[in-house]
Amino acid sequence: MFTVLRIRRDLVDAIVAHARRDHPDEACGVIAGPDDGSDRPERFIPMVNAARSPTFYEFDSGDLLKLYREMAANDETPVVIYHSHTATEAYPSRTDIKLAQEPFAHYVLVSTRDADEHEFRSYRIVDGVVTEEPVEVVESYMFANTGSDDVPDA
Ligand SMILES: [Zn+2]
409 MFTVLRIRRD LVDAIVAHAR RDHPDEACGV IAGPDDGSDR PERFIPMVNA ARSPTFYEFD
469 SGDLLKLYRE MAANDETPVV IYHSHTATEA YPSRTDIKLA QEPFAHYVLV STRDADEHEF
529 RSYRIVDGVV TEEPVEVVES YMFANTGSDD VPDA
């Protein structure tokens, strides 16, 4: 079981920008990564919230099918599944928990309820059990596993 979300800063920025753009509706999307156990989010895929709702999100079923076919063809997996909350904290709702079907994904929640600051949090959701995990933002994955502190800022 992975207990940390390690994610590049540009991907965090892309998620937050998408959430801000769709506010006050919820925004949603996926970050795919290689299906090799590396747990590395790489390809940012903003999705349409088919519900176009400020309190609910739903992937369009056709888009989702297309995405899963594409990921299968690329040997990718949905490493991150994100959506935004626009009036409440960045914590999975009861509906989010019920609909979570990827035990190996990092469920990222962004809250845009504050116009100036955002919350960015990550969870595992397995069998209805929510576990928050730390988020480690890195400039590059190249040095992510060395544990050294002398990595230069990009
Ligand atoms: Zn939600």
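Each step along the sequence shown adds one to the number in my numbering, with nothing skipped, and position 53 is 461. Note that CB positions come from ideal geometry on N, CA and C, so glycine has one too.
Since residue i and residue j are thought to touch, with beta carbons under 8 Å apart, how far apart are those beta carbons, to the nearest angstrom?
{"i": "Ser360", "j": "Thr520", "result": "This structure cannot settle anything about residue 360, because the visible part of the chain is limited to 409 through 562."}
{"i": "Arg429", "j": "Val546", "result": "About 24 Å; that fails the 8 Å criterion."}
{"i": "Tyr515", "j": "Gly437", "result": "Not a contact, Cβ separation roughly 12 Å."}
{"i": "Glu484", "j": "Pro442", "result": "6 Å"}
Would you mind reading off the limits of the beta strand (DSSP E) that contains residue i?
{"i": "Ser378", "result": "Any question about residue 378 goes unanswered here, given that the chain covers just 409 to 562."}
{"i": "Thr494", "result": "Element bounds for Thr494: n/a, residue is neither H nor E."}
Using the rule of at least 16 other Cβ atoms within 10 Å of the residue's Cβ for burial, across every protein chain shown, is residue i buried or exposed?
{"i": "Leu419", "result": "buried"}
{"i": "Met550", "result": "exposed"}
{"i": "Ser548", "result": "exposed"}
{"i": "Leu473", "result": "exposed"}
Under 7 Å from any heavy atom of ligand 3, does the C-beta of residue i make it?
{"i": "Asp504", "result": "In the structure on display, ligand 3 does not appear, and the ligands it does have are ligand 1."}
What is the residue span of the alpha helix (DSSP H) that residue i lies within?
{"i": "Tyr476", "result": "Ser469 to Ala481"}
Which partner residues of residue i appear in the DSSP bridge assignment?
{"i": "His514", "result": "Val488"}
{"i": "Pro442", "result": "Glu484"}
Ranges of the beta strand (DSSP E) found wholly within the segment 524 to 555, counting only runs of at least 3 = 527 to 534, 537 to 541 and 543 to 546
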